[in-house]
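Protein chains in written order, with UniProt numbering: chain W, 1 to 215; chain B, 1 to 215.
Laid out in structure tokens, this is it:
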């Protein structure tokens, strides 16, 4: 096994360190977060940091980089309190990745990619039409992470749109059927194949597969 | 497309809602977090919420559920300031899942599963021997999330152990080679297959695959 200590990490060339450290969390979620400014300029950007925070109330979080540079997503969030989270699927990885380019603030990434704005459920922020799972969220809080000046944005789920045949009878969404992808590091996209679903774990009880219980 | 609004979500049966809302973030990371108490009782538990917070300094975060119930991981973190993050791979998904059973606080999950404690780099907390990527972290902060009484734990990377042939020349770790798995919802484990690595995105520049640049 290769051993790397902190002193070594701190001396690494910047891009090498970015590639290495971004690989450490394991696989990351791949989502397009879309917002619209009060003067109706839309914004969509890829995020690999969306996480589940809780089911009741239904809460999701994501990390925003330091806001010293102009961050359209942050400004729109604060002024409109609305955003959508849209799963990246294998058919749109290039369009999704392209949203990470630094476009001028007056230009919508929707215009510059083949991603399509979709408006529904009387929601102000656009959904991404190409996504098979679309989530409309209300901003509820944001936490400043003093160690590196990032912010964790917390949103409550208000609207859900799910393509047919993805949800199972017990509520679970089969992300393989949704063709949702996952991110490895900063620039690698992977598709996932289900290995198993396991029963609720209890002390001294053997785990069983619950895959065949699905309908 | 199926539409579910917030009113509907709030009326769902509990387990159905847990399955649904836990699927919304997209694929989650699968890690075993291990700690040791001051009186030398070890603890290891699976977490699907480990995220990348930043590369310089190298920071990772994860979410701890409300601490009203006894949480060994939390107590050990606060008293020792050390933990390890260990990637779950496809060969240990059952052992990893079993760590979520509610064992008595005096019992180590290492004893109750076939996972093995490993001590190295003079680190107090145990690494999980079976993991191909092992990370020793120092606790640096924790943020109380008032919306649902969770905490985001922030750790700095101090030690890294990476199995041979996983790291590429540009620093990136190929998680497919590491056989790292990803989590869909609360109980589904998936393996991932690389689709592509894409070049750094710039306005008006065509993306290219950087996969063939790897050695």
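Each residue gets a CB set at the ideal place from its N, CA and C atoms; glycine is no exception.
Rounded Cβ spacing between residue i and residue j (contact assumed at less than 8 angstroms)
i, j, result
"residue 77 of chain B", "residue 139 of chain B", "5 angstroms"
"residue 198 of chain W", "residue 187 of chain B", "5 angstroms"
"residue 9 of chain B", "residue 58 of chain W", "6 angstroms"
"residue 185 of chain W", "residue 23 of chain W", "5 angstroms"
"residue 141 of chain W", "residue 53 of chain B", "Residue 141 of chain W to residue 53 of chain B, Cβ: 17 angstroms. No contact."
"residue 80 of chain B", "residue 125 of chain B", "7 angstroms"
"residue 239 of chain B", "residue 143 of chain W", "Lying before the first or after the last residue shown, residue 239 of chain B is absent from chain B, which here runs from 1 to 215."
Assigned exposure category for residue i - 16 Cβ within 10 Å defines buried
i, result
"residue 1 of chain B", "exposed"
"residue 40 of chain W", "exposed"
"residue 99 of chain B", "buried"
"residue 20 of chain B", "buried"
"residue 165 of chain B", "exposed"
"residue 48 of chain W", "buried"
"residue 201 of chain W", "buried"
"residue 209 of chain B", "exposed"
"residue 211 of chain B", "exposed"
"residue 7 of chain B", "exposed"
Neighbourhood of residue i by C-beta distance below 8 angstroms, restricted to the same chain and skipping five residues each side
i, result
"residue 123 of chain B", "82, 84, 136, 158 and 159"
"residue 50 of chain B", "29, 31, 33, 60, 61, 62 and 85"
"residue 97 of chain W", "46, 187 and 189"
"residue 12 of chain W", "20"
"residue 127 of chain B", "34, 84, 86, 117, 118, 119, 120, 134, 136 and 161"
6 angstroms Cβ shell around residue i - same chain, five flanking residues per side excluded
i, result
"residue 215 of chain B", "Low confidence applies here, because residue 215 of chain B scores a pLDDT of 45, under 50, leaving its location unreliable and the question unanswered by this model."
"residue 129 of chain W", "116 and 118"
"residue 104 of chain B", "none"
"residue 167 of chain W", "173"
Nearest neighbour of residue i, chosen from the options [CA to CA]
i, options, result
"residue 28 of chain W", "W/14, W/46, W/13 and W/16", "W/46"
"residue 108 of chain B", "B/191, B/36 and B/181", "B/36"
"residue 150 of chain B", "B/44, B/26, B/74 and B/7", "B/74"
"residue 114 of chain W", "W/92, W/176, W/66 and W/196", "W/92"
"residue 43 of chain B", "B/203, B/205 and B/101", "B/101"
"residue 205 of chain W", "B/211, B/95 and B/88", "B/95"
"residue 110 of chain W", "B/3, B/5, B/26 and B/203", "B/203"
Terminal residues of the alpha helix (DSSP H) in which residue i lies
i, result
"residue 110 of chain B", "109-112"
"residue 147 of chain W", "It is not in any alpha helix (DSSP H) - residue 147 of chain W carries neither H nor E in the DSSP assignment."
"residue 18 of chain B", "14-21"
"residue 74 of chain B", "72-80"
Residue interval of the beta strand (DSSP E) (run including residue i)
i, result
"residue 197 of chain B", "188-197"
"residue 36 of chain B", "31-36"
"residue 96 of chain B", "Where residue 96 of chain B is concerned, there is no enclosing beta strand (DSSP E), although the alpha helix (DSSP H) it sits in stretches over 93-98."
"residue 9 of chain B", "It is not in any beta strand (DSSP E) - residue 9 of chain B instead sits in the alpha helix (DSSP H) that spans 6-11."
"residue 50 of chain B", "Premise fails: residue 50 of chain B is in no beta strand (DSSP E) and is neither H nor E."
"residue 59 of chain B", "58-64"
"residue 88 of chain B", "Residue 88 of chain B -> no beta strand (DSSP E), and no H or E assigned at all."
Residues of its chain near residue i, where Cβ-Cβ distance is below 7 angstroms and the 5 sequence neighbours each way are ignored
i, result
"residue 90 of chain W", "179, 181 and 191"
"residue 146 of chain W", "none"
"residue 64 of chain B", "71, 73, 74, 150, 151 and 153"
"residue 216 of chain B", "Since the first residue of chain B shown is 1 and the last is 215, residue 216 of chain B is not available in this structure."
"residue 207 of chain W", "198, 199 and 201"
beta-carbon residue i near the ligand COA non-hydrogen atom, thresh 7 angstroms
i, result
"residue 82 of chain B", "Of ligands this structure carries none, so the ligand COA is not represented either."
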